[in-house]
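Here is the structure we will look at, set down as structure tokens.
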Amino acid sequence: MIRRGGGVRGKDAEEEWPSLVDLVLGWKLEDVMNENLFKDKMKRIPSTFSDLKSYLESYTSLLLEEMRAEVSSSLEAISTMPSGKISWIEQKNNKKVYDIVFDAVSQNSKACNRPESYIPSVGDIIILSDGKPEHISDITRNGRPYIVAFVTEGGDEDDDSPPAKYVIVSSGKIDSEDGKCQDGKKNQLFAAYLLNIVTYIRIWRCLDYNTAVRRNQSLIQEMVHYPLVAKICPKQTKDRSIDSMEIWSKLSTMDLNNSQNDAILNCISSMHSSNSSSSFSLIWGPPGTGKTKTITVLLWLMREIEHGTLICAPTNLAVKQVALRFLKLIKECSLDRACVGEVLLCGNKQRMCIDGDLKEIYLHDRVRKLLGCFVPMTGWRHRLSSLSDLFENGYSQYLKYLEDEKEDDSLSFFSYTRKRFTATYPELRRCFKEILFHVPKSIILEMNYNNIVSLLELLEDLNRMFQQKNIENVVKESFMYNDDQSGSGISSLSKFSETAISLGKIRFRCLKLLNMLLSCLKLPITSSKRIIREFCMESASIIFCTVSSSSKISNKNLELLVVDEAAQLKECESLIPLRLPALKHAILIGDECQLPATVKSKVCEDALFGRSLFERLSSLGHEKHLLNMQYRMHPSISIFPNISFYERKLLDAPNVKQKEHQKKYLPGSMFGPYSFFNIEDGKEDLDELGRSRKNVVEVSVIQEILRKLQKAHSKTKNKVTVGVICPYTAQVIAIQQKLGKMKFDPIIVKINSVDGFQGGEEDIIILSTVRSNSDGIVGFLSNRQRTNVSVTRARYLQLLRYCLWILGNATTLSSSGSIWADLVRDAKDRQCFFNANSDKDISRVLAKHRNETNKVKDTRNAPSKVRNSGVWVQVPSRSGLKDQSPSTSTGVGSRLEDTAEYVEDITVCLRNLKIS
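In terms of UniProt numbering, the sequence shown opens at residue 1 and continues consecutively.
Okay, here's the thing in structure tokens:
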């Protein structure tokens, strides 16, 4: 459940912080489509701020505008948005709150990506209408009624099955009479998904000044007032303990390079600086420089020195990658498996798609495992009490049992005792194994931990004993034996066998441990998943989650915040984890030369709404610890980004400088580790919706290259992974359609956008630049950060030759005045530039396209018997130029193409029209 309010009234507040949900539900469709709705309230975000209030206010209108732009984008692509039928709806006490049930919600449809049939999530904004809209005009045509609603409740987050019903808050009353036909039957109501605003709500609450002043003031004040705080506070001296041999000895086993060691030591030093109440550290991690390894070693050290740490990243994928690497590291470096209980991974179970080893630390699975151990009537305490009662009063209870049972049906003492023991011990053992694995030793306490281990060993001895034969009398004697008799002389013990005495002493040792645990072990006794979830969160010392879901973290012992991919995060999003009151230090790890956060609104982009805290602090001169050794790229690939983006500061690691393997993927210098394929015959076209671009000639060249790879490796059966990437969604779709169901075994082909391959690495990367025109127009391709990501998505390993092949029109790119002109010039200077038609197979493909193009021209130029009376030109709207294919359904990234292309599109369109 998520509450509607965006904030609460402060004691000195002039007015209550408005509810974001109420604001959104108050928008009309014309408001959503109005690009100037917040124009008068928006200003460019400065780099420095005078106070906290002005800092927070600089984001409020921009946040609303960005949300408006996202909803507008969804409405324009309404035909592609997930939708579902509503089978039942009922008004609750509040006139705008309804219970709602959707049709045909499959139990198996809750998958990692949003399915075609709409499965609601808490926080969704949906639009209700009496028919499934195929276009935005369908929503209001002929005065048709529509309602915008917010999904506020939808089952237990720990429940694996979809809820039977949801609760929505609507923008207006849903009148059942309006939906009736003449025959008295109701028309079918449809719900179309527009946007999930959970993250927006979390940011909005952080922008409330009245609550912000009561949160972590130290870190937020330094963030707001930097660099003034840095100028006022002198450089702190290092804490001597940081330079201890213990830290160095631990680091020396991790096989880090000097820059990685320095970055970690500087961060730890800043954390422990004397007289320092708070601080930020920046680690600059270019592609392939071992950023993830640096993070995991840093976290390992934090665990070693018992420093509570929260690790966040913008996406579920990034969080999972770091968590998996860290889990592997602590298993390799620790003989104590109990350390896993200190680590927790949190997040939405539908979006995270957890499997494998990560289930050991995933909150949802941990709650499910511990639930059976903590329930009152069958959990750990009940099992302890049962065994304690058996060991202390077993014989007297057996005598009572004989009185109550018929003599013919009664069990022997041995059978009676074994039955009770075997009914309790296996479940107690299971409970304690789960507890020892999933609950940190610091919570269990060392003494209790040791007592549990000792108890389980003794109980296992007894369990084995109960499986033996001919020991009935020995067991009976052991339960009649009283530990006090050991001091009563030999005569009192003579009636017991030596085996019975030994077994009796084991019984009393077990009884002592059982009673100590019943007295000292403080663990929950509950059947509430919510209480167990909170217990797990409060107990963990290393917690992984997305930046957005960090709003659910309540652990008061977390002193350090580590943000991975920090340069891809809007600064206002950073406020979500920074709210934790105990945080004393934050480490931001990222690379501002890589792609920034996605921003839909052009106005917001111009106002620097997408700028990260990492980038702002860096621009103000904050020290960055550069990881300068790259392990991923072949030196031929790393040269250009190193010169263009990293001021020649990157070094090639020994593994990428070793002598290349003699085997090549394809013969000829054209197919080396780094090549630019010049395709002058390419032709760029807008897709059918006029929103994205494609180049069918480059598509055919890609197909031919894959055929050549398949032919070259079909005999050896050596698998080669090829990543085909391009900056335009239309090109991604065109390649997918062209290749269709073609198989290139043993070549494994993955197709995605540049953004979609962020973080992905393949053996060969084929990059299609798409743009091919006589004006040198490359639109959003001129973005330096996107170019850097495109160029650095390839890797080099010792046993294989890893390659980056770039396809493009050299004339267009060279005339663009952008970073692509530098890339083409660099390729020529290094003799990595090749005309595509110099390869006979590719030349044949290009010739075929030329012939087809000439035939089309001949057809168009042929005289027509029908006289055209005029030409109608449909110019796409500005918003129509955005890439609208949802990443959730196609797997294609949906980053925006620059809306400045609107002007270019009109110019090109008119230039190509011959109107007399």
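Here a beta-carbon is modelled for each residue, glycine too, at the ideal position from N, C-alpha and C.
Check: Does any C-beta atom of chain B lie closer than 8 Å to the C-beta of Q260?
Finding: No chain B appears in the structure shown, which is made up of a single protein chain.
Item checked: Nearest-angstrom Cα separation, counted from R693 out to V856 -> The count along the sequence shown starts at 1 and reaches residue 856 at position 856. The count along the sequence shown starts at 1 and reaches residue 693 at position 693. V856 and R693: Cα-Cα distance of roughly 20 Å.
Next item on the list: State the start and end residues of the unbroken beta strand (DSSP E) segment that holds C267.
Entry: On the sequence shown, residue 267 is found 267 positions in, with the first residue counted as 1. First-last for C267: 258 to 271, but that is the alpha helix (DSSP H), not the beta strand (DSSP E).
Notebook entry, point to check: Taking DSSP as the reference, what is the three-state secondary structure of H438?
Noted result: Numbered from 1 along the sequence shown, position 438 holds the residue referred to as residue 438. Residue state, collapsed to three classes: helix.
Item checked: Among M271, D389, I136, K522, the one whose alpha carbon lies nearest that of K512 -> Taking the first residue of the sequence shown as position 1, residue 512 is located at position 512. Each of M271, D389, I136, K522 was checked against the Cα of K512, and the nearest Cα belongs to D389.
Margin query: For V778 and V547, what's the separation of their Cα atoms in angstroms?
Written below: Counted from its first residue, the sequence shown places residue 778 at position 778. Counted from its first residue, the sequence shown places residue 547 at position 547. Taking the straight line from one Cα to the other gives about 34 Å.
Check: Are the Cβ atoms of F676 and G808 separated by less than 8 Å?
Finding: Position 676 of the sequence shown, counted from the first residue, corresponds to residue 676. Position 808 of the sequence shown, counted from the first residue, corresponds to residue 808. A contact, by the Cβ cut-off of 8 Å.
Next item on the list: With a threshold of 16 other CB atoms inside 10 Å of the CB of L881, please say whether the residue is buried or exposed.
Entry: Residue 881 sits at position 881 when you count from the first residue of the sequence shown. Model confidence at L881 stands at a pLDDT of 32, short of 50, so the residue's coordinates are unreliable; what they give is reported in the following sentence. When all chains shown are included, L881 counts as buried.
Check: Q731: buried (16+ other C-beta within 10 angstroms of its C-beta) or exposed?
Finding: In the sequence shown, residue 731 corresponds to position 731, counting from 1. Q731 is classed as buried because its beta carbon has at least 16 other beta carbons within 10 Å across all chains shown.
Margin query: Can you look up R693 in the DSSP assignment and give me helix, strand or coil?
Written below: Along the sequence shown, one-based indexing puts residue 693 at 693. R693: strand per DSSP, three-state reduction.
Checklist line | Three-state secondary structure (DSSP) of D461 | finding: Working through the sequence shown from its first residue, we reach residue 461 at position 461. Residue state for D461 is assigned as helix, using DSSP reduced to three classes.
Notebook entry, point to check: Just checking my contact of Y416 with Y401 at CB under 8 Å: how many whole Å lie between their CB atoms?
Noted result: Stepping through the sequence shown from its first residue, residue 416 is reached at position 416. Stepping through the sequence shown from its first residue, residue 401 is reached at position 401. The Cβ separation is near 6 Å, so the contact holds.
Margin query: Only counting the same chain, and skipping five residues up and downstream in sequence, which positions put a Cβ closer than 8 Å to that of D183?
Written below: In the sequence shown, the residue the question calls residue 183 occupies position 183. Reliability of the predicted coordinates at D183 is poor, the pLDDT of 48 falling under 50, and no value is obtained from them.
Notebook entry, point to check: Residues in its own chain within less than 8 Å of M81 by CB, not counting five upstream and five downstream?
Noted result: The count along the sequence shown starts at 1 and reaches residue 81 at position 81. Cβ within range, chain order: S74, A192, Y193, L194, P886.
Next item on the list: Please go through the same chain and pick out, in chain order, the residues whose beta-carbon is closer than 6 Å to the beta-carbon of N555, but skip the five residues on each side of it.
Entry: Mapped onto the sequence shown, residue 555 falls at position 555. The answer, listed in chain order, is M537, E538.
Check: Excluding sequence positions up to five away, which residues of its chain have a Cβ less than 6 Å from the Cβ of L329?
Finding: Indexing the sequence shown from 1 puts residue 329 at position 329. If we look at L329 and ignore the five residues flanking it on each side, its Cβ neighbours are T296, W300.
Notebook entry, point to check: What is the DSSP secondary structure of D40, counted as helix, strand or coil?
Noted result: In the sequence shown, residue 40 corresponds to position 40, counting from 1. Three-state result, D40: helix.
Item checked: Alpha-carbon to alpha-carbon, G372 and I532 -> Here residue 532 refers to the residue found at position 532 when the sequence shown is read from its first residue. Here residue 372 refers to the residue found at position 372 when the sequence shown is read from its first residue. Using only the alpha carbons, I get a separation of about 11 Å.
Margin query: With distance defined between alpha-carbon atoms, name the residue in V724, L846, K741 nearest to I751.
Written below: Here residue 751 is taken as the residue at index 751 of the sequence shown, counted from 1. The shortest Cα separation from I751 among V724, L846, K741 belongs to V724.
Next item on the list: Determine the DSSP secondary structure at T315, reduced to helix, strand or coil.
Entry: By 1-based counting over the sequence shown, the position of residue 315 is 315. Three-state result, T315: coil.
Note to self: Could you give the first and the last residue of the continuous alpha helix (DSSP H) run that contains V375?
What the structure shows: The residue labelled residue 375 in the question sits at position 375 within the sequence shown. For V375, no alpha helix (DSSP H) segment is defined, and its DSSP state is neither H nor E.
Check: Looking only at its own chain, which residues have a Cβ that is under 6 Å from the Cβ of T769, when we skip the five neighbours before and after it?
Finding: Residue mapping note: residue 769 aligns to position 769 of the sequence shown, counting from 1. Here the set comprises G808.
Notebook entry, point to check: If we call anything under 8 Å between Cβ atoms a contact, is I576 one with L558?
Noted result: For this step, residue 576 is matched to residue 576 along the sequence shown. For this step, residue 558 is matched to residue 558 along the sequence shown. Inclusion of I576 and L558 in the CB contact set at 8 Å is not warranted, their separation being larger than that value.
Margin query: Going by DSSP in three states, I45 sits in which element: helix, strand or coil?
Written below: Residue mapping note: residue 45 aligns to position 45 of the sequence shown, counting from 1. Residue state, collapsed to three classes: coil.
Item checked: Residue span of the alpha helix (DSSP H) that contains C346, given as start and end -> Translated into positions along the sequence shown, residue 346 becomes position 346. For C346, no alpha helix (DSSP H) segment is defined, and its DSSP state is neither H nor E.
Checklist line | Residue ranges of each beta strand (DSSP E) within the region 623 to 688, 3 or longer | finding: 624 to 626, 674 to 678, 684 to 686
Next item on the list: Report yes if the CB atom of L595 is closer than 8 Å to the CB atom of L578, and no otherwise.
Entry: Your numbering for residue 595 matches position 595 in the sequence shown. Your numbering for residue 578 matches position 578 in the sequence shown. The beta carbons of L595 and L578 sit no closer together than 8 Å.
Item checked: Close beta carbons around R418, own chain, < 7 Å, minus the five adjacent residues each side -> Along the sequence shown, read from residue 1 onward, the residue named residue 418 stands at position 418. If the five residues before and after R418 are omitted, its C-beta is found closer than 7 Å to the C-beta atoms of F466, all from its own chain and listed in chain order.
Next item on the list: State the Cα-Cα distance for the pair N451 and I268, rounded to the nearest angstrom.
Entry: As a first step, residue 451 is located in the sequence shown; it is residue number 451 there, counting from the start. As a first step, residue 268 is located in the sequence shown; it is residue number 268 there, counting from the start. Their Cα atoms are separated by approximately 36 Å.
Next item on the list: Within 10 angstroms of the Cβ of G870, are there 16 or more other Cβ atoms? Answer buried if so, exposed if not.
Entry: Translated into the one-based positions of the sequence shown, residue 870 becomes position 870. For G870, the pLDDT reaches just 33, beneath the cut-off of 50, and the residue's location in the model is therefore unreliable, although a value from the coordinates is still provided. By the 10 Å Cβ count, G870 comes out exposed.
Margin query: Here's a check: name, in chain order, each residue in its chain whose Cβ is nearer than 6 Å to the Cβ of D51, leaving out the five neighbours to either side.
Written below: The residue labelled residue 51 in the question sits at position 51 within the sequence shown. Excluding positions up to five away in sequence, the list is empty.
Margin query: Is it buried or exposed, T60, if we count other Cβ atoms within 10 angstroms and call 16 or more buried?
Written below: On the sequence shown, residue 60 is found 60 positions in, with the first residue counted as 1. Label assigned to T60: buried.
Notebook entry, point to check: Taking the alpha-carbon positions, what's the L399 to P162 distance?
Noted result: For the purposes of this step, residue 399 is identified with residue 399 of the sequence shown, where counting begins at 1. For the purposes of this step, residue 162 is identified with residue 162 of the sequence shown, where counting begins at 1. Cα-Cα distance, rounded: 52 Å.
Item checked: the region 427 to 446 touching the region 517 to 535, judged by at least three CB pairs closer than 8 Å -> Short answer: they touch.
Note to self: In whole angstroms, give me the CA-to-CA distance for G504 and S410.
What the structure shows: Residue mapping note: residue 504 aligns to position 504 of the sequence shown, counting from 1. Residue mapping note: residue 410 aligns to position 410 of the sequence shown, counting from 1. Their Cα atoms are separated by approximately 24 Å.
Notebook entry, point to check: Among Q703, I119, V722, which residue has its Cα nearest to the Cα of M742?
Noted result: In the sequence shown, residue 742 corresponds to position 742, counting from 1. That would be Q703, whose Cα lies nearest to the Cα of M742.
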